[in-house]
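Notes follow once the structure below has been shown.
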Amino acid sequence: MNKIVIENLSLQYTDGTESLRGINMDIREHAITALFGPAGGGKSTLLRCLNRLNDLTDVEEISGRILLDGENVLDPQTDIIALRRKVGMVFARPVVLPMSIYQNLTYGLELAGEKRRSVLYEAAERSLKLAALWDEVKDRLDDPAIALSGGQQQRLCLARSLALQPEIILLDEPTSGLDPISTGKVEAALQELKKDYTIILVPHSVQQAARTADYAAFFLQGELVEYGDGAELFTNPKEKRTEDYVTGRFG
Amino acid sequence: MNRHLSQRLGFFVLTLVALFTVTPIVAVIVYIFIQGSPAISWEFLTVAPRSGMREGGILPAIIGTFYLTIGTAAFSVPLGIAAAVYLSEYAADNRWTRLIRLAIINLAGIPSVVYGLFGLGLFVLFLNFGTSILSASLTLSIMTLPVIISTAEEALRAVPQAFRTVSISLGATRWQTVRRIVLPQALPGILTGVILGLERAAGETAPILFTGAAFFLPRLPGSVFDATMALPYHLFVISTQVPEMPIQIQYGTALVLLVFVLGMNLIATVIRSRARARRQW
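Each protein sequence line maps, in turn, to chains U and F. Its first residue numbered 0, the first sequence is counted upward by one per residue in numbering that gives the first Met the number 0. Its first residue numbered 0, the second sequence is counted upward by one per residue in numbering that gives the first Met the number 0.
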């Protein structure tokens, strides 16, 4: 099933940096789709279109459609608050909010008006378990989140998105600042999560893309060069440019 | 001249310059303290002036300055913080907001006596609040606003942008983000600015001269529409307007005003250093 259908998406920032040109792409549910390619290719920009986080930046022009379950995300009428609860996001640098571990997890739910303590607690526990962090923090949920290690903080950020029970999770180089062991934990968690969620990942390396992706899309300077089955794309790319990048000839 | 010598000479000169800047401040405080402390007694702080202010205490002036500070805070703090939140969190960076910022900066440069005259025209006469605590507080508020707005805006901007992005990405509205993340994190910085602004208001004479300060009042003010005595104006009066004034009482009054203002400064410093120690970013 296609969760997201992107039709002829183009975008230009006011400062002329990174842009997208005529992107067409169907994103499958219950799978990990990796968007990879050199910096400035438009991967993060595309991610930020999906939850309309680009509203915060200076976008000069945006055209095309992004259909999420058939609804156009880019429609001005879209309820962006509801959209952002449905489409969770994890950033490159783990940013824990300046509060306790537990408060980080319940923040989004409380904003949505959830007051029942049992619901909040269950959401916190469930999402921590999903992010493979529960065993490490269950005895110190009231500690400040900043006291966690970098890897733990990033898994907390993942758990924080999961607490809202989104349908889609966007991850923008989530392991770029992490050591190999923490990276492994995050990747393993993602493999579990894809059973229930649609995951779109910007990996921090080609190797990570190859390790994790069910589907992979190669972006180069705002253009979608090649998109297809992950195993196929990394072993037998159709495009010369994809092959050159995957085999390390540039990038 | 070899490098080590020039380095040592440089340090020596810089230390000397630093000492020169600190010396006047320390000298003023020490001098006022030595001259004024003999006048300080329980009676001095708790009774009204007597015998043409040459005897008795300064209670009405202390209470008056207290009232004026509270009154100024009541207007300038909510208004100033709201303006800072608007400028930092909502306003786009365009010609209009640049104009507002320019106005705020210029507002800070206006001589305080001009504020006094403005307050006289607007609050005392036009709005008919009379020479009163209300008029004086409003006048002091306008004077304090630029300090509060610019320090509060700075404190708000110091909160990392990533917190806002994360909060928004979790489905928060802009206002929820401001109220739950940005304001609490910026609060110590805002409070510091508020106190520094109010401290200046508490020590000012010119703005209250025409708007609310009384030469001498036999009783304490009963409402915001009454005029009041105030420490800085009282100090001016007993230093220049009353012949054969005992010098002790003058310095005693100055000391009380100084302690009041420095006390507020100390509170601001404590808040700032505590917040810095606890800050999680």
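All C-beta atoms in this analysis are idealised placements derived from N, C-alpha and C, irrespective of residue type, glycine included.
Does the stretch 225-243 of chain F come close enough to the stretch 14-21 of chain F that 3 or more CB-CB pairs lie under 8 Å? no
Assigned exposure category for residue 206 of chain U - 16 Cβ within 10 Å defines buried: exposed
Residue 172 of chain F: contacting residues in chain U (beta-carbon distance under 9 Å): 80 and 110
Going along chain F in order, which residues have a C-beta closer than 7 Å to the C-beta of residue 149 of chain U? None at all; the shortest Cβ gap to chain F is about 14 Å.
According to the Cβ coordinates, are residue 33 of chain U and residue 211 of chain U closer than 8 Å? yes
The stretch 161-173 of chain U: positions lying closer than 8 Å to chain F by Cβ: 163
Using a Cβ-Cβ cut-off of less than 9 Å, list which residues of the stretch 53-76 of chain U approach chain F; keep chain order. 54 and 55
Give me the Cα-Cα distance between residue 69 of chain F and residue 99 of chain U, rounded to the nearest whole angstrom. 35 Å
Determine whether the beta carbon atoms of residue 37 of chain U and residue 219 of chain U lie at a separation below 8 Å. yes
Using a C-beta to C-beta distance shorter than 9 Å, which residues of chain F count as neighbours of residue 127 of chain U? Result: empty, since nearest Cβ-Cβ is about 16 Å, beyond 9 Å.
Counting C-beta neighbours from all protein chains within 10 Å, is the total for residue 59 of chain F 16 or more, i.e. buried, or is it exposed? buried
Quick check on residue 7 of chain U - is its C-beta less than 8 Å from some C-beta in chain F? no
Of all the options U:128, U:132, U:170 and U:116, which has the alpha carbon lying nearest to the alpha carbon of residue 35 of chain U? U:170
Going by alpha carbons, who is nearest to residue 203 of chain U out of U:1, U:187 and U:172? U:172
Between which two residues does the alpha helix (DSSP H) containing residue 130 of chain U stretch? Element bounds for residue 130 of chain U: n/a, residue is neither H nor E.
Need the endpoints of the alpha helix (DSSP H) that residue 265 of chain F sits in, please. 246-277
Just checking: is the beta-carbon of residue 96 of chain U within a distance shorter than 8 Å of some beta-carbon in chain F? yes
Looking at the C-beta of residue 164 of chain F, does it have a partner C-beta in chain U at a distance below 8 Å? yes
Give the range of the beta strand (DSSP E) segment to which residue 175 of chain F is assigned. Looking at the DSSP string, residue 175 of chain F is not in any beta strand (DSSP E); the run it does join, the alpha helix (DSSP H), is 173-176.
At a CB-CB cut-off below 8 Å, which residues of chain A make contact with residue 115 of chain U? No chain A appears in the structure shown, which is made up of the protein chains U and F.
Taking the alpha carbon of residue 50 of chain F as the reference point, which residue from F:241, F:108, F:86 and F:198 has its own alpha carbon closest? F:241
With a CB to CB cut of under 6 Å and the five nearest residues on each side skipped, what residues in its chain are close to residue 154 of chain U? 130 and 132
How far does the beta strand (DSSP E) with residue 63 of chain F in it extend, from its first residue to its last? Here residue 63 of chain F belongs to no beta strand (DSSP E); instead the alpha helix (DSSP H) covers 58-84.
Run the CB neighbour count on residue 126 of chain F, radius 10 Å, all protein chains shown included, and call it buried at 16 or more, exposed below. exposed
Return helix, strand or coil for residue 201 of chain U, following the three-state DSSP convention. strand
Using only the alpha-carbon positions, how far apart do residue 192 of chain U and residue 49 of chain U sit? 19 Å
Can you give me, in chain order, the residues of the stretch 24-42 of chain F that have a beta carbon less than 9 Å from any beta carbon in chain U? none
Candidates F:73, F:175 and F:253, of which the one nearest residue 133 of chain F by Cα: F:73
Under 7 Å from the C-beta of residue 106 of chain U: neighbouring residues of chain F: 169
3-residue-minimum beta strand (DSSP E) runs that sit fully inside the stretch 138-171 of chain U, ordered along the chain: 167-171
Using DSSP's beta-bridge definition, name the partner residues of residue 216 of chain U. U:34 and U:226
Below 7 Å CB to CB, which residues in the same chain sit around residue 177 of chain F once its five sequence neighbours on both sides are set aside? 84 and 88
Whose C-alpha, out of F:274, F:121, F:65 and F:38, is nearest the C-alpha of residue 253 of chain F? F:38
Starting from the beta carbon of residue 180 of chain F, find every residue of chain U whose beta carbon is closer than 7 Å, and list them in chain order. 96
Would you kindly work out how many angstroms separate the C-alpha atoms of residue 41 of chain U and residue 203 of chain F, rounded to a whole number? 57 Å
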